[in-house]
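Participant: Pasting a structure here, questions to come.
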């Protein structure tokens with residue numbers, strides 16, 4: 013079978029796009045991806061979205077975006093998988109091409125989360141939780157993350173100040189990302205002064221919900237021109253796993269089991285080990301997620317993921333760079349589009365086009381998006397061709 017490659021990517025700046033509609037944001041990202049793809053057009057379109065039915069009063073996003081982009085008549089569907097929606101849209105595009113049903117497929121993620129404020133946004137965010145036993149009892153993703161953080165600190169002995177390393181790293185890397193929402197480094201003293209969201213979780217421990225769109229065009233390599241203007245990146249393996257939706261019902265509250273299973277599957281299908289990747293674009297919706305992900309993915313022993321942030325291991329020059337373009341915390345978290353931003357940023361690294369954030373000799377990437385506290389994990393291994 014011909015390799016499945018990423019033929020084009022497109023992103024909009026992440027931020028507050030009050031004057032731009034969902035369909036217009038998506039179109040901007042799509043046009044950029046098509047421009048890179050040198051004439052290829054998708055025969056299937058998968059649109060990832062998380063909050064539009066609640067915050068924008070718009071469902072059926074797949075046909076809406078496909079029609080507005082000029083793809084009337086092609087297969088079009090909406091993909092909703094919480095924060096993992098973007099990753100699942102790429103998975104759908106990959107399967108459509110790998111199955112032979114189509115030669116070219118488009119994954120698009122789009123979100124508008126800033127047109128509303130306050131309780132309505134918190135209520136929308138809480139829809140990724142168990143409605144009966146969590147959301148209806150007043151639990152929000154931030155409150156849940158605070159409980160996870162408390163439990164992690166109690167069980168591992170991690171000091172509260174250790175978590176500062178992850179948002180500080182994200183903000184430092186976002187300085188070099190022209191699409192990031194917050195392109196400014198943050199001092200540790202500032203981190204410790206900001207507002208508490210839910211003790212011990214403060215404002216810098218939570219990624220901001222934002223507006224944005226990202227698009228990734230997937231194709232069989234043999235339908236591309238013999239010579240392409242940009243280095244190719246292939247999708248070498250996918251792994252997807254779920255876990256109990258209600259966090260409090262899990263057998264082990266500090267085991268992100270879906271992360272572990274999805275990484276193992278993705279690496280097995282790619283013919284590599286986690287240790288073989290050059291960088292890891294992980295899902296830092298909350299700072300406490302980072303050590304739990306690093307542990308579950310096999311990069312740190314249980315209870316010691318926080319220690320990786322205390323040195324240089326996770327920096328752009330370290331042994332395992334993470335959040336290389338700012339992550340969710342500083343690039344911003346545009347819900348259903350986030351997973352495709354992660355993919356597009358990894359593609360830039362593997363092409364050697366990441367500018368000041370370029371990781372030397374990057375050849376293989378691990379990219380993972382989550383829904384909730386790893387209720388669903390979608391992991392991809394990408395490789396430079």
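Numbering (our numbering), first residue to last: 13 to 397.
Positions of the beta carbon are idealized from the N, C-alpha and C atoms, including for glycine.
Bear in mind the structure is a predicted one, so any value in this text is a computation, not a measurement.
Can the beta-carbon of residue 244 be found closer than 8 Å to that of residue 49?
Facilitator: Their beta carbons are not under 8 Å apart, which means residue 244 does not touch residue 49 by this criterion.
Participant: Over what stretch of residues does the beta strand (DSSP E) that includes residue 363 continue unbroken?
Facilitator: Residue 363 -> not in any beta strand (DSSP E); alpha helix (DSSP H) instead, spanning 350–363.
Participant: CA-CA distance, residue 25 and residue 283?
Facilitator: Those two C-alpha atoms are separated by around 34 Å.
Participant: Mind listing, in chain order, the continuous alpha helix (DSSP H) runs of no fewer than 4 residues lying wholly within the segment 45–115?
Facilitator: Qualifying alpha helix (DSSP H) stretches, in chain order: 73–80 and 97–110.
Participant: Drop a sphere of 10 angstroms on the beta-carbon of residue 259, count the other beta-carbons inside from all chains shown, and report buried for 16 or more, exposed for fewer.
Facilitator: Label assigned to residue 259: buried.
Participant: Enumerated in chain order, which unbroken segments of the alpha helix (DSSP H) with a length of 4 residues or greater are wholly contained in the segment 113–164?
Facilitator: Runs found: 131–137.
Participant: Residues in the same chain with beta-carbon distance under 8 Å from residue 52, minus the five sequence neighbours each way, listed in chain order, please.
Facilitator: Taken in chain order, the residues that qualify are 19, 20, 46, 116, 229, 231, 235 and 236.
Participant: How big is the Cα-Cα spacing for residue 351 and residue 192?
Facilitator: The straight-line gap from Cα to Cα measures roughly 14 Å.
Participant: Please say whether residue 271 and residue 305 have beta carbons closer to each other than 8 Å?
Facilitator: Closer than 8 Å, so yes.
Participant: Tell me which residue opens and which closes the alpha helix (DSSP H) that residue 200 is part of.
Facilitator: First-last of the alpha helix (DSSP H) with residue 200: 200–203.
Participant: Can you tell which of 211, 389 and 287 has its C-alpha closest to the C-alpha of residue 310?
Facilitator: Nearest C-alpha to residue 310: 287.
Participant: Between the segment 122–136 and the segment 32–43, are three or more C-beta pairs nearer than 8 Å?
Facilitator: They touch, by the three-pair rule.
Participant: DSSP three-state call for residue 246: helix, strand or coil?
Facilitator: Reduced to three states, the DSSP call for residue 246 is strand.
Participant: Does the segment 216–227 come within contact of the segment 333–352, defined as at least 3 CB pairs closer than 8 Å?
Facilitator: Yes, the segment 216–227 touches the segment 333–352.
Participant: Let me confirm a value: residue 157 is counted as buried when at least 16 other C-beta atoms fall within 10 Å, else exposed. Which label applies?
Facilitator: Buried, since its Cβ has 16 or more Cβ neighbours within 10 Å.
Participant: From residue 154 to residue 139, what does the alpha carbon distance come to, in whole angstroms?
Facilitator: Going by the C-alpha atoms only, they are around 13 Å apart.
Participant: State buried or exposed for residue 149, treating a residue as buried only when at least 16 other CB atoms are found within 10 Å of its CB.
Facilitator: The residue is exposed, with fewer than 16 neighbouring Cβ atoms inside 10 Å.
Participant: In chain order, what residues of the same chain have a beta carbon less than 8 Å from the beta carbon of residue 291, not counting five sequence neighbours either side?
Facilitator: Closer than 8 Å at Cβ, skipping near neighbours: 332, 333, 334, 336, 358, 361, 371, 374, 377 and 378.
Participant: For residue 208, which residues does DSSP report across the bridge?
Facilitator: According to DSSP, which records beta bridges pairwise, residue 208 is partnered with 214.
Participant: If you measure between the beta carbons of residue 14 and residue 343, is that distance less than 8 Å?
Facilitator: Cβ distance not < 8 Å, so residue 14 and residue 343 don't count as in contact.
Participant: Around the Cβ of residue 445, are there at least 16 other Cβ atoms within 10 angstroms (buried) or fewer (exposed)?
Facilitator: Nothing can be reported for residue 445: it is not among the residues displayed for the chain, which extend from 13 to 397.
Participant: Residues in its own chain within less than 8 Å of residue 151 by CB, not counting five upstream and five downstream?
Facilitator: Around residue 151: 138 and 141.
Participant: With a 10 Å radius around its C-beta and 16 neighbouring C-beta atoms as the bar for buried, classify residue 255 as buried or exposed.
Facilitator: The residue is buried, with at least 16 neighbouring Cβ atoms inside 10 Å.
Participant: Taking 8 Å as the cut-off, does the segment 179–192 touch the segment 83–99 (at least 3 CB pairs, one atom from each stretch)?
Facilitator: Touching, no, given that fewer than three Cβ pairs across the two stretches are closer than 8 Å.
Participant: Per the DSSP calculation, residue 223 is bridged to which residue(s)?
Facilitator: According to DSSP, residue 223 bridges with 27.
Participant: How about residue 388 and residue 96: do their beta carbons lie closer than 8 Å?
Facilitator: Yes, they are a contact pair.
Participant: Would residue 210 and residue 391 be called neighbours here (beta carbons separated by less than 8 Å)?
Facilitator: Not in contact: residue 210 and residue 391 (Cβ atoms no closer than 8 Å).
Participant: In whole angstroms, what separates the C-alpha of residue 267 from that of residue 93?
Facilitator: Each residue's Cα considered, the two are about 21 Å apart.
Participant: Spell out the partners DSSP gives residue 380 in its beta bridges.
Facilitator: Partner(s): 391.
Participant: Please look up how many angstroms separate the CB atoms of residue 163 and residue 265, rounded, as I've assumed it's under 8 Å.
Facilitator: Between residue 265 and residue 163 the Cβ distance is about 6 Å, and since that is below 8 Å, they are a contact.
Participant: For residue 57 versus residue 118, is the C-beta spacing smaller than 8 Å?
Facilitator: Yes.
Participant: Does the separation of the CB atoms of residue 17 and residue 393 fall below 8 Å?
Facilitator: No, Cβ-Cβ distance for residue 17 and residue 393 is not below 8 Å.
Participant: Write down the C-beta distance between residue 251 and residue 269 rounded to the nearest angstrom, noting that I regard them as a contact closer than 8 Å.
Facilitator: Not confirmed; about 13 Å, so no contact.
Participant: In whole angstroms, what is the alpha-carbon distance linking residue 132 and residue 66?
Facilitator: Cα to Cα, the separation comes out at about 9 Å.
Participant: If residue 341 and residue 179 are in contact, beta carbons under 8 Å, what's the gap, nearest whole angstrom?
Facilitator: Their Cβ separation, rounded to whole angstroms, is 5 Å, which keeps residue 341 and residue 179 in contact under 8 Å.
Participant: Tell me, please, which residues DSSP counts as bridged to residue 228.
Facilitator: For residue 228, which the question treats as bridged, DSSP gives the partners 21 and 119.
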